[in-house]
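Chemist: Quick one: the structure is below, and I'll ask about it shortly.
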Amino acid sequence: MCIISLQKRDKQKYKSFCLFPHNPLKMLCLSVYVIGFFFSPVSPFQTEELVKALQDLENAASGDAAVRQKIASLPQEVQDVSLLEKITDKEAADKLSKTVDEACLLLAEYNGRLAAELEDRRQLARMLTEYIGSQKEALMEREKKLEEYKQKLARVTQVRKELKSHIQSLPDLSLLPNVTGGLAPLPSAGDLFSTD
3 MCIISLQKRD
13 KQKYKSFCLF
23 PHNPLKMLCL
33 SVYVIGFFFS
43 PVSPFQTEEL
53 VKALQDLENA
63 ASGDAAVRQK
73 IASLPQEVQD
83 VSLLEKITDK
93 EAADKLSKTV
103 DEACLLLAEY
113 NGRLAAELED
123 RRQLARMLTE
133 YIGSQKEALM
143 EREKKLEEYK
153 QKLARVTQVR
163 KELKSHIQSL
173 PDLSLLPNVT
183 GGLAPLPSAG
193 DLFSTD
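Note that the working numbering has the sequence shown beginning at 3, numbered continuously upward.
In structure tokens, the structure reads:
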């Protein structure tokens, strides 16, 4: 099969994958999509669902560099209790309290996203296991079919060979003498029963 035979919607997906030829996740998505589209025994919906799950990982929390950078740049006072002794006035304490509250919100949200990503990855692992299993079953079935058709091809080839040999062994009728040369043609049925 050829990618060109994909429907218009599918061509757009293929085109978007090709924009990132060195992105392993994109290439995995493309492989799953194309294999599923042409060869998968599972439904197109399941293939689409798997591709979507793989694509969603591109926006996963663990890949959010901006948030990780924010967390990494939190002040030491937010992370080290021993530094609280350095705070001597209410204004500094209020400022730090606000920073700590913001850090708590940031970390709570990020941890929630990480937990959701972890669950998504577990679900994806199950989906991939099922998908790979179905592909292995399909492969075995196609290997069996291939073997059957190889045997059929061998039988047809043998018949063709035998037929060719048989045709060559038949006498060439064009080389036989002309036994009807010079004889009058046989009378027709009408001539036989004619009263003339």
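Cβ atoms here follow ideal geometry from the backbone N, Cα and C, with glycine treated the same way.
How should Glu119 be labelled, buried or exposed, when 16 other C-beta atoms within 10 angstroms of its C-beta is the threshold for buried?
Modeler: By the neighbour-count rule (16 or more Cβ atoms within 10 Å), Glu119 is buried.
Chemist: Apply the 10 Å Cβ neighbour rule to Arg133 and answer buried if 16 or more other Cβ atoms are within range, or exposed otherwise.
Modeler: In the sequence under discussion, the amino acid at residue 133 is Tyr, which differs from the Arg named in the question. Burial call: buried.
Chemist: In the DSSP assignment, the alpha helix (DSSP H) including Ile210 goes from what residue to what residue?
Modeler: Look at the range of the chain in this structure, 3 to 198, and you will see that residue 210 is not part of it.
Chemist: Check whether the segment 78-97 touches the segment 151-165, counting contact only when three or more Cβ pairs, one atom from each stretch, lie closer than 8 Å.
Modeler: Flag = no, the segment 78-97 and the segment 151-165 do not touch.
Chemist: Answer with buried or exposed for Leu194, where buried requires no fewer than 16 other C-beta atoms within 10 angstroms of its C-beta.
Modeler: With fewer than 16 Cβ atoms within 10 Å of its Cβ, Leu194 is classed as exposed.
Chemist: Around the Cβ of Val83, are there at least 16 other Cβ atoms within 10 angstroms (buried) or fewer (exposed)?
Modeler: The residue in question, Val83, is exposed, as its Cβ has fewer than 16 Cβ neighbours within 10 Å.
Chemist: Does the beta-carbon distance from Leu116 to Ala63 come in below 7 Å?
Modeler: Contact: yes.
Chemist: Would you call Leu52 buried or exposed, if buried means 16 or more other Cβ atoms sit within 10 Å of its Cβ?
Modeler: Classification for Leu52: buried.
Chemist: Measure the alpha-carbon distance for Leu59 versus Glu104 and round it to whole angstroms.
Modeler: Distance between the alpha carbons of Leu59 and Glu104 is about 26 Å.
Chemist: Identify whether Ala118 lies in helix, strand or coil by the three-state DSSP scheme.
Modeler: Of the three classes helix, strand and coil, the one that applies to Ala118 here is helix, per DSSP.
Chemist: In three-state terms, what does DSSP make of Thr159?
Modeler: Here Thr159 sits in helix by DSSP.
Chemist: Any idea what DSSP makes of Ser190, helix, strand or coil?
Modeler: In the structure shown, Ser190 sits in coil (DSSP, three-state: anything other than H, G, I, E or B).
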